[in-house]
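Enquirer:
Shown next, in the form of structure tokens:
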């Protein structure tokens, strides 16, 4: 199908921008196809405005060999959604004990390396990974978490975890790991990318490292820019909405609090405090945080419809990322251009991707309600279910061809 | 209320004015009025229990399911006595007797309970929040009999009832809670029940066993933290000692049980720092010699047996409010 011209779309009041690039997503294939497949994930991404997504390698088997990379690239080519680029493991089997064949993996098409979710705790091995990866020209994406310190934590450690009797993950678990990683980046001169920063201290550490001349990049997720740990206690107000001190008895119709312990609020890193959210926006505004990544983490209900402590971590994020960010822009937390750059040019530059004829048209004011049945992702695990949001992608073009048209698809 | 004349009369329980709840999951979001209502009904229930025939009819024909996914004898028996005293049919589903230990999910169990059709589900579960999970998926009334570290509302209410009986009005009274507050649903429920009744709470214990937020300026209203137990007890109106799980020392939270007992255990000398005759309580089961000396546990200040007795009456009051009123 031939695309309408950009001028036509802009004339209709739509915002026409380059396609979004997501450098952190989970597509679950191979191994967890009940949660997502490359095809459903790539289609959900496109609907969310992402024309390029990078797939994390924590599948079963983990993507740690050239053969698995080739297979993934082949499947992605047939998926018919966003472009899918593979990220490969840093260590064999994500076990954190020996390096994967990083050069071969890069040659096969890996755009980055990451042991996301199981950060390499052996500091010497991680140093080696960073130094060795330099030869490939690929970035190392680090999920910064001191696993011993976060322990069995299932949410942010603070007043709400104390109240709900849930084990907490202190901000220091992220900040200690960020400090380690920044030291190793200095030592190795490697291209380190810190993903999903979530605490004020972590943002501040990256700000200082950059001021000191270190080449390091970082991203933040839309949910860490909009939601807080109060959501675990049942609040359904964005971080910038009026504080609801009396979470469970304030019964406004539009913002009705839910029962606490909704496992769709369980994500790693955990939803933090208003103060942390504020710091993440400030980091985005001043360039400390370079880009926005979704950490789209779909899960089947089998892994979410359980006790909070036993539920899987993760939020299905492709299809709600844009309206969440627009909501923040609307209240002045960052200029629209800043947010758009963090979704397009900057991640493209970090990954070293060529310019492509990928673009999308956005209706900033179109309101819609998040509904499990209408999400294209197999992962219905979002705490935004039932929430009314504004902003939606009406057209997505890849290589000059219309690949998604909201009006044409059955919504 | 409607009176069924052929049965022994209920001793005029306070009617359901003000009572709107379908479940008892936590008292955290309760008004003082609701707490008072339960305590008033508890007085009526205690009267039933003092009769030669300890039985009243309001739950006749109703089924109370006791679903205990975590071992507990005391609380389960207390609920069972309460349900039977109100003439309910009682069904027990314990961890060992059900499929919980065979890998059956909580969702499966809820579906089974729903199919069995009980009127009230009394549940004990090791995961904080599990009763909310069940309440969202059942048509029965759910009473939380303890979930993880989160809440144990009937313990909070029975402690409030017991303290009221000993001290009168709790306004301005200062209650010390000492021990493993971090992992204690009893501590949370005591806070959420005693503070609305006007008491203030002083928490004491090693920092590793107190939630970090409660050692900062994020303490709940009416609560303070004093690590030094002697200072905490000085002039206090009552003390509640919490059970210390022995594995806390093994997981690096404590150096040794001996050091704990010497530093935060209730001794006769320590309890004497409180106001004269200020009572001592413990939710049980006790580790005598660790968090409490035997002489204190069984001494003149101890209300520990009264707590057990009052527990039955409080649970009767809640069962009555949830399922015992003529509709």
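Residue numbers (the numbering used here), protein chains in the order written: chain A, 1 to 411; chain B, 1001 to 1327.
No residue lacks a Cβ here, since even glycine has one placed at the ideal position from N, Cα and C.
Which partner residues of residue 1092 of chain B appear in the DSSP bridge assignment?
Expert: Under DSSP, residue 1092 of chain B shares a beta bridge with B/1066.
Enquirer: Determine the DSSP secondary structure at residue 454 of chain A, reduced to helix, strand or coil.
Expert: Limits of chain A in this structure are 1 at one end and 411 at the other, which puts residue 454 of chain A out of reach.
Enquirer: Give the residues from the region 265 to 281 of chain A that approach chain B closer than 8 Å (Cβ to any Cβ), ordered along the chain.
Expert: Going along the region 265 to 281 of chain A in chain order, one finds no residue with a Cβ nearer than 8 Å to chain B.
Enquirer: If we count the other Cβ atoms within 10 Å of its Cβ and call it buried at 16 or more, is residue 124 of chain A buried or exposed?
Expert: exposed
Enquirer: Leaving out the 5 sequence neighbours to the left and right, which residues in its chain are closer than 6 Å to residue 104 of chain A when beta-carbon positions are compared?
Expert: 66
Enquirer: Going along chain B, which residues have a C-beta under 8 Å from residue 158 of chain A?
Expert: Listed along the chain, the chain B residues whose CB falls inside 8 Å of the CB of residue 158 of chain A are 1212, 1213, 1218.
Enquirer: Which residue from A/115, A/393, A/68 puts its Cα closest to that of residue 9 of chain A?
Expert: A/393
Enquirer: Please tell me whether residue 146 of chain A has its Cβ less than 8 Å away from any Cβ of chain B.
Expert: no
Enquirer: Can you name the residues of chain A whose CB is closer than 7 Å to the CB of residue 1282 of chain B?
Expert: Those within 7 Å of residue 1282 of chain B in chain A number zero; the least Cβ separation is about 20 Å.
Enquirer: Going along chain A, which residues have a C-beta under 9 Å from residue 1149 of chain B?
Expert: 164, 165, 166, 167
Enquirer: In chain order, what residues of the same chain have a beta carbon less than 7 Å from the beta carbon of residue 1313 of chain B, not counting five sequence neighbours either side?
Expert: 1042, 1045, 1046, 1049
Enquirer: In terms of residue numbering, what span does the beta strand (DSSP E) encompassing residue 218 of chain A cover?
Expert: 216 to 220
Enquirer: Quick one: any contact between the region 149 to 161 of chain A and the region 105 to 124 of chain A, if contact means 3 or more CB pairs under 8 Å?
Expert: no
Enquirer: Does the beta carbon of residue 34 of chain A come closer than 8 Å to any beta carbon on chain B?
Expert: no
Enquirer: Along the chain, where does the alpha helix (DSSP H) that runs through residue 6 of chain A open and close?
Expert: 6 to 11
Enquirer: Applying a beta-carbon distance threshold of less than 7 Å, which residues of chain B neighbour residue 259 of chain A?
Expert: Residues of chain B passing the Cβ test: 1132, 1136.
Enquirer: Would you say residue 1147 of chain B and residue 1188 of chain B are within 8 Å of each other, going by their C-beta atoms?
Expert: no
Enquirer: What in chain A is Cβ-close to residue 1107 of chain B, meaning under 8 Å?
Expert: Against chain A, the beta carbon of residue 1107 of chain B has neighbours under 8 Å at 305, 306, listed in chain order.
Enquirer: Checking contacts by CB at 8 Å: is residue 1322 of chain B closer than that to chain A?
Expert: no
Enquirer: Does the beta carbon of residue 309 of chain A come closer than 8 Å to any beta carbon on chain B?
Expert: Chain B, which has a Cβ nearer than 8 Å to the Cβ of residue 309 of chain A, makes this yes.
Enquirer: Do residue 1319 of chain B and residue 1088 of chain B have their beta-carbon atoms positioned less than 8 Å apart in this structure?
Expert: yes
Enquirer: Pick out whichever of B/1143, B/1114, B/1112, B/1033 has its Cα sitting closest to the Cα of residue 1022 of chain B.
Expert: B/1143
Enquirer: Mind listing, in chain order, the continuous alpha helix (DSSP H) runs of no fewer than 4 residues lying wholly within the region 1119 to 1191 of chain B?
Expert: 1130 to 1135, 1153 to 1167
Enquirer: Please work out which residues of its chain come closer than 6 Å, Cβ to Cβ, to residue 49 of chain A, disregarding the five sequence neighbours upstream and downstream, and give them in chain order.
Expert: When the five nearest sequence neighbours on each side are left out, the beta carbons in the same chain lying within less than 6 Å of the beta carbon of residue 49 of chain A are those of 20, 322, 360, 393, in order along the chain.
Enquirer: Mapping DSSP to helix, strand and coil, what is residue 295 of chain A?
Expert: In the structure shown, residue 295 of chain A sits in coil (DSSP, three-state: anything other than H, G, I, E or B).
Enquirer: Counting only Cβ pairs nearer than 9 Å, list the residues of chain B close to residue 170 of chain A.
Expert: 1212
Enquirer: Leaving out five residues on either side along the sequence, give the residues of the same chain with a beta carbon under 7 Å from the beta carbon of residue 308 of chain A.
Expert: 154, 166, 261, 263, 266
Enquirer: How many angstroms separate the CA atom of residue 205 of chain A from the CA atom of residue 179 of chain A?
Expert: 7 Å
Enquirer: List the endpoints of the continuous alpha helix (DSSP H) containing residue 1230 of chain B.
Expert: 1229 to 1233
Enquirer: What is the residue span of the alpha helix (DSSP H) that residue 149 of chain A lies within?
Expert: 147 to 150
Enquirer: Let me make sure I understand the geometry here. Which of B/1239, B/1225, B/1252, B/1154 has the alpha-carbon closest to that of residue 1303 of chain B?
Expert: When each option's Cα is compared against that of residue 1303 of chain B, the closest is B/1239.
Enquirer: Run through DSSP, which three-state label would residue 259 of chain A get?
Expert: coil
Enquirer: Counting Cβ pairs, one atom from each stretch, are 3 or more of them under 8 Å apart for the region 287 to 295 of chain A and the region 1101 to 1117 of chain B?
Expert: Put simply, the region 287 to 295 of chain A does not touch the region 1101 to 1117 of chain B. Fewer than three CB pairs are less than 8 Å apart.
Enquirer: Residue 1185 of chain B versus chain A: which residues are under 9 Å apart at the beta carbon?
Expert: 165
Enquirer: Going by the CB atoms, is the gap between residue 1180 of chain B and residue 1257 of chain B shorter than 8 Å?
Expert: One thing to note: residue 1257 of chain B has its Cβ no nearer than 8 Å to the Cβ of residue 1180 of chain B.
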